[in-house]
Amino acid sequence: MDSNVDKLASLLGVTASELTSSLQNGKSLAEIATAQNVNVQTLIQQLVNARKADLQQELKDGKITQAQYDERVADLTQRITDLVNGTRPSVGPKHHHGSRLKDEADSSVNSVPKSDTTDKSTSEADKNPA
7 MDSNVDKLAS LLGVTASELT SSLQNGKSLA EIATAQNVNV QTLIQQLVNA RKADLQQELK
67 DGKITQAQYD ERVADLTQRI TDLVNGTRPS VGPKHHHGSR LKDEADSSVN SVPKSDTTDK
127 STSEADKNPA
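Have a look at this one:
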């Protein structure tokens, strides 16, 4: 099992397989915590503290820059709160990947001139045998 799943299961007082099963059945971490008599805010704070410690270690080890660290911790509490409550984060402009890239790909395919769609399967070697 994933060590993060094991840590989270331990915080919630369940086994990793119980946690995985509950999540697959549509339960949020908050619902699992409540069922286990674990305070949801305490769980959120523990997850935030653990992630900050991981990021601080990455910064210390030179794996991320100070700017990257600052960016990642800026909305960490909100992102973890959303995760625990089963809320999907809203996608802001700088994180918009899906449909915009698909639209750009579609437009580039549609912009190919008709003359370029001819069969070019024969190579120059086939046209000019030695």
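Heads up: the sequence shown runs through residues 7 to 136, numbered per the numbering used here.
No residue lacks a Cβ here, since even glycine has one placed at the ideal position from N, Cα and C.
By the CB criterion at 8 Å, I86 and R57 fall inside the cutoff.
No residue range can be given for V20, since it is assigned to no alpha helix (DSSP H) and is classified by DSSP as neither H nor E. In the assembly as shown, S28 is a buried residue. Its beta-carbon has 16 or more other beta-carbons within 10 Å. When S9, D76 and V90 are compared, the shortest CA-CA separation from Q51 is found for V90.
Shown here for L14: same chain residues with a beta carbon closer than 7 Å to its own, the five before and five after excluded, namely L25 in chain order.
Counting every other CB atom within 10 Å of its CB across the protein chains shown gives A36 a total of 16 or more, marking it as buried. Beta-carbon to beta-carbon, V44 and T83 are separated by about 18 Å, too far to satisfy the 8 Å threshold.
V44 sits in coil when the DSSP states are folded into three classes, being neither helix nor strand.
Rounded to the nearest whole angstrom, the C-alpha separation of Q72 and T21 is 36 Å. In this structure, the CA atom of I70 is about 11 Å from the CA atom of E77.
Of all alpha-carbon atoms in A80, A41, Y75 and D12, the one lying nearest the alpha-carbon of D60 is that of Y75. Each residue's CA atom was taken as its position, placing S9 and S23 some 12 Å apart. When only Cα atoms are considered, Q42 and V11 end up about 16 Å apart.
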